[in-house]
Amino acid sequence: MSRKKIYLIRHGQTEFNRLGIVQGSGIDTSLNEHGRRQARAFFERYRDVPFDRVYTSALKRTVETVEDFLRNGVAHEPLAGLNEINWGKKEGQRISPETDLYYRYLVDEWAKGNTSLAIEGGESPEDVFLRIDASLAHIMSRHHERNILICMHGRAMRIMLCRMMERPLRFMDEFKHTNVGLYLLGHGEEGFVLELENDTSHLG
């Protein structure tokens, strides 16, 4: 099996991130100025990596995060299976004490193993796992691609990392994330090996 390097990042900051407004797969926001600076800093650090392809979700905040690589001619494939979890009725709402209480309830239940519990009007972690699993299988089937950049979203990325590292979904919050934080993984006959975890050294 040929060895691959997977560079997995979360998208840059959006104005909804800054304002504390819930955004999932139902909210298609752009990066704000700070997010664009974060994206540029990542590009400047990793521009010389010979990426074979960039995979993003179908949401523009991920595409905007990697657009400098696309301008340089790196092949791009958006996959809706990499979209953020759908936060249902909470999408577009400013985080309030009530919203935060509901979120804490969900996270606590998921940590207990109740990962089939869906957000009201939205998705469960198990729902997201199914589409991420299919997307990852598609990505890994491209055996000729050695260096891969994947840009996605916070909760979805945690679920992706559980899939890669063969961890039960109840442990997904062990994988911390920040805007344009990098998880670097190698993949070979031994499976996925985590080499960097939420690295932000490129952000200064």
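Per the working numbering, residue 988 is the first one in the sequence shown, and the count goes up by one each step. Just so you know, even glycine gets a beta-carbon here, dropped at the ideal spot from N, CA and C. The structure displayed is predicted, hence computed values, not measured ones.
Three-state secondary structure assigned by DSSP to residue i
i       : result
Lys991  : strand
Thr1187 : coil
Glu1096 : helix
Arg1081 : strand
Phe1056 : helix
Alpha-carbon to alpha-carbon, residue j and residue i
i       : j       : result
Lys974  : Gly1013 : Nothing about residue 974 can be reported from this structure: the residues present for the chain run from 988 to 1191 only.
Ala1098 : Arg1157 : 4 Å
Glu1085 : Ala1062 : 43 Å
Gln1025 : Leu1190 : 6 Å
Val1036 : Asn1134 : 8 Å
Gly1141 : Arg1032 : 21 Å
Gly1011 : Glu1078 : 6 Å
Terminal residues of the alpha helix (DSSP H) in which residue i lies
i       : result
Asn1004 : 1002-1006
Arg1157 : Premise fails: Arg1157 is in no alpha helix (DSSP H) and is neither H nor E.
Glu1051 : 1047-1052
Gly1022 : 1020-1033
Glu1064 : Run containing Glu1064: none in the alpha helix (DSSP H); it sits in the beta strand (DSSP E), 1063-1065.
Limits of the unbroken beta strand (DSSP E) element including residue i
i       : result
Leu1136 : 1134-1139
Arg1040 : 1040-1043
His1174 : 1169-1175
Cβ-Cβ separation, residue j to residue i (assumed contact under 8 Å), whole Å
i       : j      : result
Tyr1170 : Leu995 : 4 Å
Met1144 : Arg997 : 6 Å
The stretch 1051-1059 touching the stretch 1102-1110, judged by at least three CB pairs closer than 8 Å: No, they do not touch.
Three-pair Cβ contact test at 8 Å for the stretch 1108-1119 versus the stretch 1065-1080: Yes: the two stretches touch, three or more of their Cβ pairs being nearer than 8 Å.
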